[in-house]
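Asker:
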Amino acid sequence: RTVVLYRILVLVFFLDRAKASNLLDRFPRLFCKDAEVKSTKDLLLAFCRIALAQEGDFIKHLSRMGLSVSYRQEPIDEIDFRVVNMAIDLQDGVLLARLTEILTEAPTRSLLKKLRLPTVSRLQKLHNVGLVLDTLKKHGVPIRKDILPYQIVDSHRDVVLGLMWSVISSCCLHRLISVERVKEEILRLKLSRGELHLNPWVKAKDAEEETRSLLLTWCDVVCSKYGVSVSNLTTDLADGVVVCLLLNNYMPNLLRLSEIRRTDRTTNFMHPSKQDHGEILQNERRNCELANNKTYLLGGIGRMIPISDSSDVPDPQSMLLCLAYMFSRIMDCSQELKACITIQSFFRDRLRIVQLEKRMEAAKLILCRWRENRLNYFNAQRRLYGDAVGTIEKFLWCKLHRLEELRQRRLEWEQIKRKIISIQSVARGTSA
Numbered sequence: 001r002t003v004v005l006y007r008i009l010v011l012v013f014f015l016d017r018a019k020a021s022n023l024l025d026r027f028p029r030l031f032c033k034d035a036e037v038k039s040t041k042d043l044l045l046a047f048c049r050i051a052l053a054q055e056g057d058f059i060k061h062l063s064r065m066g067l068s069v070s071y072r073q074e075p076i077d078e079i080d081f082r083v084v085n086m087a088i089d090l091q092d093g094v095l096l097a098r099l100t101e102i103l104t105e106a107p108t109r110s111l112l113k114k115l116r117l118p119t120v121s122r123l124q125k126l127h128n129v130g131l132v133l134d135t136l137k138k139h140g141v142p143i144r145k146d147i148l149p150y151q152i153v154d155s156h157r158d159v160v161l162g163l164m165w166s167v168i169s170s171c172c173l174h175r176l177i178s179v180e181r182v183k184e185e186i187l188r189l190k191l192s193r194g195e196l197h198l199n200p201w202v203k204a205k206d207a208e209e210e211t212r213s214l215l216l217t218w219c220d221v222v223c224s225k226y227g228v229s230v231s232n233l234t235t236d237l238a239d240g241v242v243v244c245l246l247l248n249n250y251m252p253n254l255l256r257l258s259e260i261r262r263t264d265r266t267t268n269f270m271h272p273s274k275q276d277h278g279e280i281l282q283n284e285r286r287n288c289e290l291a292n293n294k295t296y297l298l299g300g301i302g303r304m305i306p307i308s309d310s311s312d313v314p315d316p317q318s319m320l321l322c323l324a325y326m327f328s329r330i331m332d333c334s335q336e337l338k339a340c341i342t343i344q345s346f347f348r349d350r351l352r353i354v355q356l357e358k359r360m361e362a363a364k365l366i367l368c369r370w371r372e373n374r375l376n377y378f379n380a381q382r383r384l385y386g387d388a389v390g391t392i393e394k395f396l397w398c399k400l401h402r403l404e405e406l407r408q409r410r411l412e413w414e415q416i417k418r419k420i421i422s423i424q425s426v427a428r429g430t431s432a
C-alpha cells in the first residue's frame, strides 16, 4: 500500500510540474471535459478522502515539506481547435482568436485570455468576435466595412469567407509566393520560346492585384504553348483544363495529355470530336477532379480546387489561392528535381571516372604481369603441345605426295563432270 501511494503521488507531482513548465503542450489538458475534478489540488483532496481519511489536511502536510501543486485546467484548455464547418466553428470567436495569434506571431493565449469563456450567451460571442476583428485591424488586415461581428456570430457563410479571404490575402499570400519569383519564372518561359520583346510589368494598385495579374500571366504563358489563352480566374479556369496543362508542362510524368477530357478548349492540342453539351460539362467536371487528384499527389496541397464547369464557374478568390499554392509547390518541386538531377549527374560522372581509373589500373597490372611471364607461358605451351605438333607435321610431310595426287584426281573429275553436263545440254537442245 505504501508503494502504491508513493507512486501515485510521484505521478501527480510529475504531471503538475510538467504542465507548469509547458512540457506537455501537445496534450492541452490532463482532465476530461466532463470530469468533476479539474485541478491537481482537488485531485489530491479527493484521493485523500478515499485513501487517507484519517490524515486531515493532506495538502497542508505536503506544503510543510516544500511540495505544492498549482495546475488548474481552464476552459481554454478544453477548446477543440479543429475546424469542421467554417461558418459554425468560427461563430464564437475562439478559433478566430487562435488564428489571429498564429498569424500575428503573438504569444500563445495572449488573445485567448481576453475572451469571455465559456461562450454561452450571444453577448459573449459578439464580444469575442469584435475583439478579434479589432486586433486584426490593428495589425493592418484590410477588413471590409460590411463585415460586422453579428454576421459572423449568425454564421453568414459569405461574410465568413470574405473575412477569411481578407486574412489570407493580407497575412498569408505574400508568404506563400514571392512576386519576384513569379516574374523570374515568366521571363524564363518567354526567353525559352524566343520572345525577346518583353512587355513591361503593369504596376498594380495593391499587392493582391499584382499577385493576381502575375499568376494570370504565368498561366497564360504556360498554356499558350498548347494554344489555350487565360485572361480571367472564372470562365477560363472553370473546365479544369488550365490546371491540367500547368501540371503537364512541369510534371509530364504526373499528368499526361491523354488523361485530359475533351472540352471546347482542347481543340488546339486534341483532335476534335462531336459531343453534346451535357457530355462537355461532364468532361469539364472530370478534368477538375483529375486536377484535384494530381495536385494532391504533389504533396503540400489539399484537394482545394473547386469542382466546376462552364455553367457553374468557380470563385475567383478561391482559384487565386489555388494557383498560388500550385505555383509555390511546383517551383519547390522544380528545385528539388534540379537538385536531384545535379546530384545524379555528378554521381554518374564521378562513377565513370572511378570505373575508368579501375580499368586502367587493371590493364596496367595485366600488361605488367604478361611482360614478366610471357616467356614462361610460351615455354609451357611448347612443352605441352610440342610433341603433338611434331607428330602432325611429320604425318603431313609423309603424306604430302599422296594428298597432292588426290587433289589432282578431284580436279580432273570435276573437269570431266562439267564436260558431260555441257554435252547433255547441247544434245537436249538439238532433239527439241
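The opening position of the sequence shown corresponds to residue 1 in this note's numbering, with each subsequent residue numbered one higher.
C-beta: ideal position from N, C-alpha, C; glycine also.
Computed from a prediction, not measured in an experiment: that's the story for all the values here.
(1) Do you know how far the Cα of VAL160 is from the Cα of TYR250?
(2) Determine which residues share a DSSP beta bridge with ASP309 and list them.
(3) Leaving out five residues on either side along the sequence, give the residues of the same chain with a beta carbon under 6 Å from the beta carbon of CYS223.
(4) Counting pairs of beta carbons, one from the region 141–154 and one from the region 110–127, are three or more of them closer than 8 Å?
(5) Pull up the DSSP beta-bridge partners for ARG72, would you.
(6) Return the residue from the list PHE327, HIS61, ASP312, LEU411 that minimises the CA-CA distance to ILE186.
(7) Answer yes or no: do ILE460 and ARG285 have a C-beta to C-beta separation smaller than 7 Å?
(8) If you follow the alpha helix (DSSP H) that ARG188 is part of, which residue opens it and which one closes it?
(9) Could you tell me the alpha carbon to alpha carbon distance between LYS114 and GLN335, rounded to whole angstroms?
(10) Exposed or buried, CYS32, counting other C-beta atoms within 10 Å across all chains shown (16 or more means buried)?
(11) Compare the C-alpha of SER166 against each of ARG181, HIS174, LEU189, VAL141 and name the closest.
(12) If distances are taken between C-alpha atoms only, which option among TYR385, THR211, ASN232, GLU210 comes closest to ASP220?
(13) Going by the CB atoms, is the gap between ARG265 and VAL228 shorter than 7 Å?
(14) Between LEU15 and PHE81, what straight-line distance do the alpha-carbon atoms span, to the nearest angstrom?
(15) State the DSSP-derived secondary structure class of ASP158, mapped to helix, strand or coil.
(16) Assuming LEU30 and GLN73 are in contact, meaning their beta carbons sit under 8 Å apart, how far apart are those beta carbons, in whole angstroms?
Answerer: Based on what the coordinates show:
(1) Counted from its first residue, the sequence shown places residue 250 at position 250. Counted from its first residue, the sequence shown places residue 160 at position 160. Taking the straight line joining both Cα atoms gives about 35 Å.
(2) As a position in the sequence shown, residue 309 is number 309, starting the count at 1. Paired residue(s): ASP312.
(3) The residue you call residue 223 lines up with position 223 of the sequence shown. Counting only Cβ-Cβ distances below 6 Å, and skipping sequence neighbours, we find VAL230, VAL242, LEU245.
(4) The region 141–154 is in contact with the region 110–127.
(5) On the sequence shown, position 72 is the one that residue 72 refers to. Listed as beta-bridge partners of ARG72 by DSSP are SER39.
(6) Sequence index remark: in the sequence shown, residue 186 carries index 186 (1-based). Of the listed residues, the one whose Cα sits closest to ILE186 is PHE327.
(7) No statement about residue 460 is possible, as the shown extent of the chain runs from 1 to 432 and does not include it.
(8) Against the sequence shown, residue 188 aligns to sequence position 188. In the DSSP annotation of this structure, the continuous segment of the alpha helix (DSSP H) that includes ARG188 starts and ends at 179–192.
(9) By one-based count along the sequence shown, residue 114 stands at place 114. By one-based count along the sequence shown, residue 335 stands at place 335. Rounded to the nearest whole angstrom, the CA to CA distance from LYS114 to GLN335 is 44 Å.
(10) Within the sequence shown, residue 32 is the residue found at index 32, counting from 1. So CYS32 counts as exposed.
(11) Here the question's residue 166 lines up with position 166 in the sequence shown. When each option's Cα is compared against that of SER166, the closest is VAL141.
(12) Here residue 220 refers to the residue found at position 220 when the sequence shown is read from its first residue. If we check each option's Cα against that of ASP220, ASN232 comes out closest.
(13) Start at 1 with the first residue of the sequence shown, and residue 228 comes out as number 228. Start at 1 with the first residue of the sequence shown, and residue 265 comes out as number 265. Yes.
(14) As a first step, residue 15 is located in the sequence shown; it is residue number 15 there, counting from the start. As a first step, residue 81 is located in the sequence shown; it is residue number 81 there, counting from the start. Approximately 23 Å between the Cα atoms of the pair.
(15) The residue labelled residue 158 in the question sits at position 158 within the sequence shown. ASP158 falls in the helix class under three-state DSSP.
(16) Counting from 1 along the sequence shown, the entry for residue 30 is found at position 30. Counting from 1 along the sequence shown, the entry for residue 73 is found at position 73. About 6 Å separates the Cβ atoms of LEU30 and GLN73, confirming a contact at the 8 Å cut-off.
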